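The next block holds one structure in the form of structure tokens; read it before the comments.
In the numbering used here, the protein residues as written are 253 to 572.
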């Protein structure tokens with residue numbers, strides 16, 4: 253079949269389609285062949301090298317913004333360029349696709365990797381493909397389950413996925429993230445199964461976390477916080493949330509009743525992790541990220557272009 257059509261026939265067909273913008277049905281009438289045959293002729297033109305598709309190089313990272321974040325905040329960053337007009341879901345998927353190869357390289361053999369939940373973390377982990385063979389990786393669920401119906405972006409599911417990708421083992425925090433009272437939380441944390449995971453979390457070399465706010469966090473979305481919880485957090489000056497732990501503008505955990513009811517890696521332990529990677533998309537978390545950096549909670553930021561600009565802008569806003 254490849255020899256039925258001459259190069260001249262294929263070039264004519266390709267020019268009418270790609271340069272003149274004619275539809276395949278219209279071309280078929282002009283050259284007296286069926287529309288389905290036009291489709292095969294276009295494919296054959298590519299096979300013979302008569303049609304070549306060229307696309308300019310695309311640099312997914314905004315190195316200028318990365319440099320500014322490094323200079324101003326003193327942390328490493330990966331800023332993914334994003335074209336306007338995409339919805340939140342598309343934005344996360346784009347960030348995940350381009351950031352995943354970079355993030356994959358931060359996990360080494362023998363590492364203990366703490367993992368939080370979040371849609372943007374999910375988007376990155378789904379695209380991760382370790383470039384080299386890893387051994388003895390332990391993935392740790394860094395916070396309890398928000399409710400009894402964990403979804404694909406909850407820590408337990410992301411952790412399982414990451415353990416599978418790295419060929420490692422997975423240790424779960426098989427508990428609720430928020431307990432009804434401090435006494436119940438204290439008793440649960442005393443259980444050997446929970447204590448073992450918490451001890452391993454405190455020795456993690458890498459942690460992947462999200463950054464939320466009072467208005468936008470998975471705890472708000474899933475209605476895990478009561479009106480009383482929110483009032484207490486506002487009164488305590490909460491500006492951000494990591495691992496279910498809310499902190500103030502200086503990155504200090506808020507002294508609210510919620511603090512003693514959360515099952516997750518503590519903020520003091522998080523500060524001791526060598527590489528705490530915040531994986532974030534969207535432009536509404538600028539002040540929360542600045543506060544986390546101020547409190548020594550983050551070492552690396554993976555974020556989209558608009559989000560990075562919002563982080564830098566948050567530092568220029570006058571203090572209230």
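For glycine and all other residues, C-beta sits at the position ideal for the given N, C-alpha and C. Please read all numbers here as calculations on a predicted model, not as lab measurements.
query = Hey, how far is the Cα of residue 505 from the Cα of residue 385?
reply = Counting from one through the chain shown, the residue named residue 505 turns up at place 253. Counting from one through the chain shown, the residue named residue 385 turns up at place 133. Approximately 38 Å, taken between the alpha carbons.
query = Any idea if residue 317 is buried or exposed, counting beta-carbon neighbours within 10 angstroms, 16 or more meaning buried?
reply = Sequence index remark: in the chain shown, residue 317 carries index 65 (1-based). Residue 317 should be labelled buried.
query = Is any heavy atom of the ligand NAD found at a distance shorter than 7 Å from the C-beta of residue 449?
reply = You won't find the ligand NAD in this model; it holds no ligand whatsoever.
request  = Give the straight-line distance between the Cα atoms of residue 571 and residue 539, rounded to the nearest whole angstrom.
outcome  = In the chain shown, residue 571 corresponds to position 319, counting from 1. In the chain shown, residue 539 corresponds to position 287, counting from 1. With a pLDDT of 44 at residue 571, under the threshold of 50, the predicted position of this residue should be treated as unreliable, though the coordinate-derived value follows. Approximately 11 Å between the Cα atoms of the pair.
query = Should residue 281 go down as buried or exposed, given a rule of 16 or more other Cβ atoms within 10 Å for buried?
reply = The residue you call residue 281 lines up with position 29 of the chain shown. Only exposed fits residue 281, as fewer than 16 other CB atoms lie within 10 angstroms of its CB.
message = Taking its Cβ as the centre, do 16 or more other Cβ atoms sit within 10 Å of residue 305, making it buried, or is it exposed?
response = Here residue 305 is taken as the residue at index 53 of the chain shown, counted from 1. Residue 305 comes out exposed.
ask   = Taking only runs of the alpha helix (DSSP H) that begin and end inside the segment 357-429, which ones reach a length of at least 4 residues, in chain order?
value = As far as the segment 357-429 is concerned, its whole alpha helix (DSSP H) runs of at least 4 residues are 371-379 and 407-418.
query = According to the neighbour-count rule (16 or more other Cβ atoms, all chains shown, within 10 Å of its Cβ), is residue 551 buried or exposed?
reply = Here residue 551 refers to the residue found at position 299 when the chain shown is read from its first residue. Its Cβ being crowded by 16 or more others within 10 Å, residue 551 is buried.
query = Considering only residues of the segment 484-570, which uninterrupted beta strand (DSSP E) runs meet the minimum length of 3 residues and lie entirely inside it, listed in chain order?
reply = Here the runs fully enclosed are 492-494, 497-499, 527-532 and 552-556.
query = With DSSP run on the structure shown, which of helix, strand or coil describes residue 438?
reply = By one-based count along the chain shown, residue 438 stands at place 186. Residue state, collapsed to three classes: helix.
message = Does the contact criterion of 3 or more C-beta pairs under 8 Å hold for the segment 451-464 versus the segment 430-438?
response = Below 8 Å, too few C-beta pairs join the segment 451-464 and the segment 430-438 to call them touching: fewer than three.
ask   = Looking only at its own chain, which residues have a Cβ that is under 6 Å from the Cβ of residue 253, when we skip the five neighbours before and after it?
value = Indexing the chain shown from 1 puts residue 253 at position 1. Below a pLDDT of 50, predicted positions are generally treated as unreliable, and residue 253, at 48, falls in that range; the measurement from the model is reported next regardless. For residue 253, same chain residues with a beta-carbon under 6 Å away, outside a window of 5 residues either side, do not exist.
request  = Return yes when the Cβ of residue 299 is within less than 8 Å of the Cβ of residue 287, no when it is not.
outcome  = As a first step, residue 287 must be located in the chain shown, where it is residue number 35. As a first step, residue 299 must be located in the chain shown, where it is residue number 47. For residue 287 and residue 299, no; Cβs fall outside 8 Å.
key: Close Cβ partners of residue 468 (< 7 Å) along its chain, the five nearest in sequence each way excluded   = The residue given as residue 468 occupies position 216 in the chain shown. Cβ within range, chain order: 536.
Spatially closest choice to residue 344 from 534, 561, 565 and 448, by CA coordinates = Here residue 344 is taken as the residue at index 92 of the chain shown, counted from 1. When C-alpha distances from residue 344 are compared across 534, 561, 565 and 448, the shortest belongs to 534.
message = Just to check my reading of the structure: residue 294 and residue 310 have Cβ atoms closer than 8 Å, yes? What is that Cβ distance to the nearest angstrom?
response = As a working note, residue 294 is residue 42 in the chain shown. As a working note, residue 310 is residue 58 in the chain shown. The Cβ separation is near 25 Å, so there is no contact.
query = Do you know how far the Cα of residue 400 is from the Cα of residue 562?
reply = Counting from one through the chain shown, the residue named residue 562 turns up at place 310. Counting from one through the chain shown, the residue named residue 400 turns up at place 148. Near 34 Å, if we compare the C-alpha coordinates of residue 400 and residue 562.
message = Could you give the first and the last residue of the continuous alpha helix (DSSP H) run that contains residue 321?
response = Mapped onto the chain shown, residue 321 falls at position 69. That run of the alpha helix (DSSP H) goes 315-325.
request  = Would you grab the beta carbon distance between residue 501 and residue 489 for me? Rounded to a whole angstrom, and I think it's under 8 Å.
outcome  = Counting from one through the chain shown, the residue named residue 501 turns up at place 249. Counting from one through the chain shown, the residue named residue 489 turns up at place 237. Contact between residue 501 and residue 489 holds: CB atoms are separated by about 7 Å, below the 8 Å threshold.
ask   = In chain order, what residues of the same chain have a beta carbon less than 6 Å from the beta carbon of residue 498, not counting five sequence neighbours either side?
value = Reading the chain shown from its first residue, position 246 is the one you call residue 498. Result list for residue 498: 485, 490 and 506, in chain order.
request  = Check residue 328 in the structure and name its three-state DSSP category.
outcome  = Mapped onto the chain shown, residue 328 falls at position 76. Assignment of residue 328 by DSSP, reduced to helix, strand and coil, places it in the strand class.
message = For a quick check, are the C-beta atoms of residue 555 and residue 462 less than 8 Å apart?
response = Translated into the one-based positions of the chain shown, residue 555 becomes position 303. Translated into the one-based positions of the chain shown, residue 462 becomes position 210. Their beta carbons are not under 8 Å apart, which means residue 555 does not touch residue 462 by this criterion.
inquiry  = Just list the residues that DSSP pairs residue 464 with in beta bridges.
reply    = One-based indexing of the chain shown puts residue 464 at position 212. DSSP, once it has assigned bridges, lists 493 as partnering residue 464.
query = Whose C-beta lies closer than 8 Å to the C-beta of residue 565 among residues of the same chain, with five residues either side of it excluded?
reply = Here residue 565 refers to the residue found at position 313 of the chain shown. Its chain contains 538 as the residues whose beta carbon lies nearer than 8 Å to that of residue 565, once the 5 sequence neighbours on both sides are disregarded; these appear in chain order.
ask   = In terms of residue numbering, what span does the alpha helix (DSSP H) encompassing residue 452 cover?
value = The residue labelled residue 452 in the question sits at position 200 within the chain shown. Where residue 452 is concerned, the enclosing alpha helix (DSSP H) stretches over 444-453.
DSSP beta-bridge partners of residue 476 = Numbered from its first residue, the chain shown carries residue 476 at position 224. Beta-bridge pairing links residue 476 to no other residue.
ask   = Run through DSSP, which three-state label would residue 649 get?
value = As displayed, the chain neither begins before 253 nor continues past 572, which places residue 649 out of reach and without an answer.
ask   = So, residue 362 versus residue 391, is the Cβ gap smaller than 8 Å?
value = For this step, residue 362 is matched to residue 110 along the chain shown. For this step, residue 391 is matched to residue 139 along the chain shown. Taking 8 Å as the Cβ cut-off, residue 362 and residue 391 do not qualify as a contacting pair.
message = Please state whether the Cβ-Cβ distance between residue 407 and residue 446 is less than 8 Å.
response = For the purposes of this step, residue 407 is taken as residue 155 along the chain shown, with counting starting at 1. For the purposes of this step, residue 446 is taken as residue 194 along the chain shown, with counting starting at 1. Contact annotation: residue 407 and residue 446 have beta-carbon atoms that are not nearer than 8 Å.
ask   = Taking the alpha-carbon positions, what's the residue 364 to residue 567 distance?
value = For the purposes of this step, residue 364 is identified with residue 112 of the chain shown, where counting begins at 1. For the purposes of this step, residue 567 is identified with residue 315 of the chain shown, where counting begins at 1. Pairing residue 364 with residue 567, the inter-Cα distance amounts to about 33 Å.
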